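This report refers to the structure that appears directly beneath it.
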Amino acid sequence: MCRLRTSRALPGLVLGGLCLAYAAGASVGWGSRQLSVFMGDFGLAAAALAAALSCLVYGCTVGGHARPAWLLFGLSSLMVAFGNGTWGWYELVVRTALPRDSLAEYAFLLFAPLAITGVLVLAQHPRTAAGWLCLLLDGWLIAGSLFTLSWSLALGRIAAGEDCSPLRLALNLAYPVLDILLVSLVVGLRFRGRDGNRAAVHTAMVALAVTVTCDALFTSPELRSGYHSGELLDAGWFAGSLLLGWAPWSPRWRRPLREHPSAGGLPHRRVATTFSALTPYAAAAVCTAGILYNALGGRELDRVVAAAACTVGLALILRQGVMLLDNLSLAQELAHKEAHFRSLVQGSSDVIMIAGANGVLSYVSPAALGVYGRDPEELVGGNLLDLVHPEDVGRVLSEVRRYLARVRLTAHRGPGTAEPSARVECRISSGAGEWLHVESTVSRHRDGLLLNSRDVTERVMLQAQLQHNAFHDPLTDLPNRALFTQRLRAALGSRGQQGDETGAGIAVLFLDLDGFKAVNDTAGHQVGDELLVQAARRLQSAVRCGDTVARFGGDEFAALVCGPLGRLQVQELAERLRLALSEPYWIGGAELSVAASIGIAFGTPERGPAADPRAVADELMRNADLAMYRAKSEGKGRVVLYTPAMRADLERRTELEERLRLAVREGGFTLLHQPVVDLRSGAVTGVEAQARWRSVGGLLLTPAEFLRSTEHGDAATRFSRWLVLEAVSAAVERRGLPGRGRGTPESVPVAVRLSVERLCSPGLYETVAAALRDSGLPADELVIEVARMGPDSLADELGRRLTALRGLGVSTWLAGYGAGGGSLGALARLPLDGLKLDRTLVQDLGESPLSRTLAGHALRLGRDLGMATAAEGVDLPRQVVALQELGCGQAQGSAFAPPLDEPRLRRALARRGYPLPAPADPPPAPAGPPPARRRPYPPADDDTRTSGRTNGRTDAAPGRGAHHHGGPDLPEHRAVTGPSGGPHGETVIPPA
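In structure tokens form, the structure reads like this:
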């Protein structure tokens, strides 16, 4: 900064040094007559030529309104340079005196008109007629006064002493008259210049004033008679030329626009300075001095002086009249603006207050009565801080101090910088004793502060309500998931900051209402909402004050327990919550009941204090959710603690589902079929389609856990559709084989076993109908088996789906009877053609009398309901004999054949039957033919029965074969051949 200021001041210092050097040389006569004449003529010519070149270059390179003025100043300096050069030519080269009518005189005469024109270009033109009149009067006052004084001192004697032609007299008087006019304009321009580069304009005006002053001194007869080139008077002309040359390049500075706060950034009306206001009177004083000089000197009053003095007096009177009218106009304008601003302040809905440096209010607008409920006159004289809430006083003082510091910083930045303001919110006491939220805009006012305040209580309340709604459940007003997560993270973070293990002493409980959907479906959603509200109140009353109860949506709640509680205490709290939620609800005069499944997850210290609270919180909530769903899957209405095994089980199921999805998409499954044999004839009456997974090594694996994952989810639905389509497609291919001779496979029905959930899923009926329609397979050759009964809640929907399938001509069977749930009433209502015993009733049939009794009752129930009967998992001959004795119609298992691939299946079907062990006693015949509505597997014809009995060998592998996915609750039976098993307990199916 210092270097910048020095670089800007250096040209001025050089200019001042040159002027002082020239003045010093002129004061000592330059040491010789010849040098004195040279410096007085060509030195001045060089200075004027430098000024001319500087102004002309600046005018040509810089545009704007000042460009013509600088060009005119350059031409005027060029005239001076020509005149001085001509004068030097005569004195130094020709060595004669300057002639009276030389070109130098006309060149000097042209200097003033060009400079006057340039000054007029730079002048600010008035905008009104009164302004133009004042400008003309002021100009004449200055010019007339200077003319009067000059005439009295010198011009009168020059005019009286000249004995020459009128042209010569006019030329002699033209110099001082033009100089007087130029001085008048310079004086007027000093206070009426444009707000552009004022430094350049002022420097040019000073240069012209110095030049005109030297001209005036040269006009004096005493100085002119003894003048010679190179004396001290030339130093003034030299300085004037250098100043004019430096003027356009002088350092620029801009005066800030004087603005009124209400002017919107526009300059307000110009107010005259003291000197400009006194200029007309000073001019009149100069004129009076000229008259007194003549009167006191004993000279007669010159008519020229008298006429000039009279015109000056008349101009002064007119100027005074114009000033009076202008003052009246200003007074009216001021009164109008004052009334305007008073109406704005008094009519504003905002409260405007002015407080001093000590906080005492000196003005309060009338709006305080409507906003604060206080009389403004009572507030005036009181302290502003007495109205502010005690809790907000410190913050208000801090904001005001920060604002004042910013104001002081802005003031140091220099002029033109906008003054800052501050916004402060606090609570103000109202006349009714309430605390109002007020927003105030603070700005500086003289030695105090100006406050523009408005009541924002409604906005603050609305913001608080919106924030509350964003973090609370609208029905129960409990915290929602976002607020619960935020508090859980805060609790974990505070534990970490205290040095404790992250999560220690923190437990998360997830709660789900069992049976709430039934309440919604039977009693309606309004009753369900009321039940949720009562459940929320019970939860809040059951937990401690520092605990958090939240509702996540639907019938899911959560509780955050923090503090020095052990696992046993948290379990007791969860049990209290479960009992509280399980008590009856009385809503609308009716008693409703629901249960609660609760999962608990404790914060574990394994992560350490440096763990991220966000990650720990998310993990805790996932763990509690897993524990809650485990409680629901284990029978509902219970409390379950999270264990790491649950996470591992979830990851394993997720992996299996992904593998299932990939296998379905990429054809990783293959289809095997197990024959169904008639126990009276040994004929193959049907086959059951069973899926197997094709491993990377080409082996066919049947992991029970993998197949169990196909019972749920979207992947299970796609798998079920694939199973139906593949089974129908394989049946059509077998049906379309050429020939029907002894070596040709017999066309038998194919059975596809599906779970209740898959049968009730959307799109399965359409899949079956489309498969039958597109393939051309007769509907009576497709059997849909229901894998066990399933929950009674799906019995009605299952009945509708089975009825629709029977409408297509498809047979429907119940497989896995004797295992799982389901009521006998639902069994009687379902449209079923047959009943197949589960392997759990068959496996001990040859040894256990109890198993024999249970199987006999199950078969008798099926016959009484008019159904065909069958059994699965028949692996031993004695089981075949026992089933024959109990009157079972059909059986499947490794006693006949394991699940076969397509080539082995075709060979088995070509043999048309399997040998049967001879029963001890003939099986009892059924009581009568079944009802017509029941359609079992079609019986084999006589040829099939004959060929089955004459066939002396069986194609089934010895020992126990792998069973299909219908019995996942039993351990897998491994084949005697193949590898011992895979990583998931897989069983290898040998290829054909």
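For the sequence shown, the numbering used here begins at 8 and goes up steadily by one.
A virtual CB, placed ideally from N, CA and C, is assigned to each residue, including glycine.
Computed from a predicted structure; not experimentally measured.
Reduced DSSP secondary structure (H/G/I, E/B, other) of residue i
{"i": "Leu20", "result": "helix"}
{"i": "Pro120", "result": "helix"}
{"i": "Asp787", "result": "helix"}
{"i": "Lys643", "result": "coil"}
{"i": "Glu3", "result": "Summary: the structure shown does not reach residue 3, with the chain confined to residues 8 through 999, and so no result is reported for it."}
{"i": "Gly573", "result": "coil"}
{"i": "Leu176", "result": "Residue placement at Leu176 is flagged as unreliable, the pLDDT there being 48, under the threshold of 50; a coordinate-derived value is accordingly withheld."}
{"i": "Thr483", "result": "coil"}
{"i": "Ser855", "result": "coil"}
{"i": "Asn365", "result": "coil"}
{"i": "Gln899", "result": "coil"}
{"i": "Met360", "result": "strand"}
{"i": "Glu441", "result": "coil"}
{"i": "Pro922", "result": "coil"}
{"i": "Trp820", "result": "strand"}
{"i": "Ser460", "result": "strand"}
{"i": "Asp962", "result": "Low confidence applies here, because Asp962 scores a pLDDT of 37, under 50, leaving its location unreliable; read the following figure in that light. Coil."}
{"i": "Ala982", "result": "Confidence at Ala982 is low in this model, with a pLDDT of 35, below 50, so the placement of that residue is unreliable and no value is reported for it."}
{"i": "Pro682", "result": "strand"}
{"i": "Tyr636", "result": "helix"}
Member of the options whose CA lies at the smallest distance from the CA of residue i
{"i": "Ser61", "options": "Ser248, Leu469 and Arg919", "result": "Ser248"}
{"i": "Gly125", "options": "Val623, Val731 and Leu251", "result": "Leu251"}
{"i": "Pro785", "options": "Gly770, Val817, Pro769 and Ser768", "result": "Val817"}
{"i": "Asp845", "options": "Leu866, Glu854, Ser830 and Pro856", "result": "Leu866"}
{"i": "Glu854", "options": "Glu673, Val888, Asp871 and Gly675", "result": "Val888"}
{"i": "Val445", "options": "Leu482, Val790, Val431 and Gln541", "result": "Val431"}
{"i": "Ala30", "options": "Pro18, Gly47 and Arg40", "result": "Gly47"}
{"i": "Glu582", "options": "Leu516, Pro769 and Gly832", "result": "Leu516"}
{"i": "Ile791", "options": "Arg780, Ala778, Leu761 and Glu804", "result": "Leu761"}
{"i": "His680", "options": "Leu916, Val329, Leu392 and Gly595", "result": "Leu916"}
{"i": "Leu1", "options": "Arg859, Leu771 and Arg668", "result": "Any property of residue 1 remains undetermined from this structure, which presents the chain solely from 8 to 999."}
Burial state of residue i, where buried means 16 or more other Cβ atoms lie within 10 Å
{"i": "Lys843", "result": "buried"}
{"i": "Ser257", "result": "buried"}
{"i": "Cys26", "result": "buried"}
{"i": "Thr218", "result": "buried"}
{"i": "Glu426", "result": "exposed"}
{"i": "Thr492", "result": "buried"}
{"i": "Gly548", "result": "Sequence check: residue 548 is Ser here, not Gly. The residue is exposed, with fewer than 16 neighbouring Cβ atoms inside 10 Å."}
{"i": "Ala58", "result": "buried"}
{"i": "Val395", "result": "buried"}
{"i": "Met468", "result": "exposed"}
{"i": "Leu912", "result": "buried"}
{"i": "Gly23", "result": "exposed"}
{"i": "Pro263", "result": "The pLDDT assigned to Pro263 is 45, lower than 50, so where the model puts this residue is not dependable; a value taken from the coordinates is nonetheless given after this. The residue is exposed, with fewer than 16 neighbouring Cβ atoms inside 10 Å."}
{"i": "Cys895", "result": "buried"}
Cβ-Cβ distance between residue i and residue j below 8 Å
{"i": "Leu923", "j": "Gly693", "result": "no"}
{"i": "Val44", "j": "Leu105", "result": "no"}
{"i": "Val684", "j": "Ala898", "result": "yes"}
{"i": "Asp521", "j": "Val601", "result": "yes"}
{"i": "Ala826", "j": "Val849", "result": "no"}
{"i": "Ala738", "j": "Glu909", "result": "no"}
{"i": "Ser604", "j": "Ala638", "result": "yes"}
{"i": "Cys221", "j": "Gly237", "result": "no"}
{"i": "Cys569", "j": "Ala498", "result": "yes"}
{"i": "Ala696", "j": "Val757", "result": "yes"}
{"i": "Leu815", "j": "Leu779", "result": "yes"}
{"i": "Gly455", "j": "Ile361", "result": "yes"}
For residue j and residue i, believed in contact at Cβ under 8 Å, the rounded distance
{"i": "Pro513", "j": "Gly606", "result": "The displayed chain sequence assigns Ile, not Pro, to residue 513. Not confirmed; about 15 Å, so no contact."}
{"i": "Trp820", "j": "Leu801", "result": "About 17 Å; that fails the 8 Å criterion."}
{"i": "Phe80", "j": "Ala28", "result": "Actually they are not in contact, since the Cβ atoms of Phe80 and Ala28 sit about 24 Å apart, beyond 8 Å."}
{"i": "Leu809", "j": "Leu837", "result": "6 Å"}
{"i": "Phe245", "j": "Leu51", "result": "6 Å"}
{"i": "Phe564", "j": "Leu546", "result": "6 Å"}
{"i": "Arg488", "j": "Ala557", "result": "7 Å"}
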